Amino acid sequence: MDMLQQKTAAYEAIETLRREGRFQSCSGNPVQLETATDRFIADMRRIQSEAAWKLGGIYLIAEIIQSVHRTDAGELMDDPSLPLDQKLRMSRALGRQSGMLQLTERFVDLLSPIITELAERNGRDTRVLELAGGAGSLSLALGRAARNGRLPCRVTGTDIVDTYTKAAQEEASQEGLPAEFHTLDACRMDKLERGSADLVVISQSLHHFSPGQLALMIRGAKEAGSSAFIGLDGYRSLLLSAGVPLVAAMQGIWEFALDGLTSARKFYTEPELDAISEIATTERNHLVLTRWPLTLVLVRFDGIRASEASLPYA
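The sequence shown: position 70 = 69 (numbering that gives the first Met the number 0), numbered continuously.
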């Protein structure tokens, strides 16, 4: 049992809420969905804690560590008062870190099968939409794979920060990549034209958003007419809590290292992502995988069963 995953107590909490009729897949408006999801996860964490105390032993030890470890503090990168040039510097540092750890290439390899599957089924390049992509390291990598003939896709990278998308667009234009970048609030996908995206992706940013905001993204991807939603982030564990800030510190940017420590304490657990996905879709055609050092959530909207076999996730 991973100390910070707490699956036994967490799933007991989910079933308790389900029996009490408090696990209600929300089909209401966006405000209702966001509020209901935030309330559910808060209740789930409280009941999970109570369950761990009743179970005792290692479950209790894990819950005590969990209560000290978890934080709702915001990252410096999300601070509106932080100068935009510093935000861009930190976002690019994250891209360099992912490249150094070969995570970006792993993400591309991971997305390749579903991109190819959708292209073959639709008879055209798969339209990939990345949410909250920062300075665009993943979208640019997908664009390079498409330009080099490795992937049948066209990419649209988005973020709410204009500075990020402008910098990424300049890089894409210089390299002649089949990728474009636009400013978009990831929680307001109603601004998108329906059918404009086949696959919606968010990478290394899930922890920047509340449970309700994640539910809005998943619901938004479905309502935009996409076939699937894939979210990637760090695996919640004590080891990664030490490793993320340590690796981040190698960039020599103290704000980035501090954000690394905060981020690692905010990663979602598998049971939490499981519950959020069900609330957002009112269905259970999703899959949550935890493989070191990543957690992945796959939600399908096209009637195809969400299957681990469709992802090269060793």
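Backbone N, C-alpha and C define an ideal beta-carbon position, used for all residues, glycine too.
Predicted model, so just to flag it, every value in this text is computed and none were measured.
Helix, strand or coil at residue i according to DSSP, with G and I counted as helix
i	result
residue 293	strand
residue 202	strand
residue 0	Because residue 0 sits at a pLDDT of 46, beneath the cut-off of 50, its placement in the model cannot be relied upon, and the following sentence gives the value as read from the coordinates. Looking at residue 0 - three-state DSSP - the assignment turns out to be coil, as it is neither helix nor strand.
residue 232	strand
residue 181	strand
residue 223	coil
residue 38	helix
residue 129	strand
residue 88	helix
residue 54	helix
residue 315	Coverage of the chain is limited to positions 0 through 313, which leaves residue 315 absent and any answer about it impossible.
residue 149	coil
residue 288	strand
residue 313	In this prediction, residue 313 scores a pLDDT of 44, lower than 50, which makes its location untrustworthy; the coordinate-derived value is nonetheless stated afterwards. Coil, per DSSP.
residue 123	coil
residue 298	strand
residue 70	coil
residue 251	coil
residue 191	coil
residue 81	coil
residue 209	coil
residue 5	coil
Minimum Cβ-Cβ distance from residue i to chain B less than 8 Å
i	result
residue 270	Absence of chain B from the displayed structure is noted, only one protein chain being present.
Burial state of residue i, where buried means 16 or more other Cβ atoms lie within 10 Å
i	result
residue 157	buried
residue 72	exposed
residue 211	buried
residue 304	exposed
residue 216	buried
residue 244	buried
residue 313	With a pLDDT of 44 at residue 313, under the threshold of 50, the modelled position of that residue is not reliable, and the figure given next carries that caveat. Residue 313 comes out exposed.
residue 264	buried
residue 86	buried
residue 254	buried
residue 100	exposed
residue 258	buried
residue 41	exposed
Anticipated Cβ contact below 8 Å, residue i with residue j, distance rounded
i	j	result
residue 126	residue 195	7 Å
residue 241	residue 247	Actually they are not in contact, since the Cβ atoms of residue 241 and residue 247 sit about 11 Å apart, beyond 8 Å.
residue 206	residue 172	No, residue 206 and residue 172 are not in contact; Cβ-Cβ is about 31 Å, not under 8 Å.
residue 234	residue 266	7 Å
residue 109	residue 272	The Cβ separation is near 16 Å, so there is no contact.
residue 140	residue 107	5 Å
residue 300	residue 190	So it is not a contact: roughly 19 Å between Cβ atoms.
residue 12	residue 46	4 Å
residue 111	residue 150	6 Å
Nonlocal neighbours in the same chain, by C-beta distance under 8 Å from residue i, ignoring five residues either side
i	result
residue 252	88, 89 and 92
Close beta carbons around residue i, own chain, < 7 Å, minus the five adjacent residues each side
i	result
residue 307	286 and 288
residue 81	75
residue 58	7, 8 and 51
residue 142	154, 171, 176, 177 and 178
residue 181	155, 157 and 164
residue 292	233, 234 and 239
Cutoff 6 Å; reference residue i; Cβ partners in own chain excluding five residues on either side
i	result
residue 250	92
residue 22	16
residue 201	130, 131 and 230
residue 0	Note that residue 0 scores 46 on pLDDT, short of 50, meaning its location in the model is unreliable; the coordinates nonetheless yield the value given after this. Excluding positions up to five away in sequence, the list is empty.
residue 219	188
Near the ligand NAP: residue i beta-carbon under 7 Å from a heavy atom
i	result
residue 128	In the structure shown, the ligand NAP is absent, as is every other ligand, since no ligand is present at all.
Stretch-stretch touch, CB-based, cutoff 8 Å, three pairs: the segment 133-141 with the segment 153-171: yes
The segment 289-300 in contact with the segment 57-75 per 3-pair CB rule at 8 Å: no
Three-pair Cβ contact test at 8 Å for the segment 217-232 versus the segment 107-125: yes
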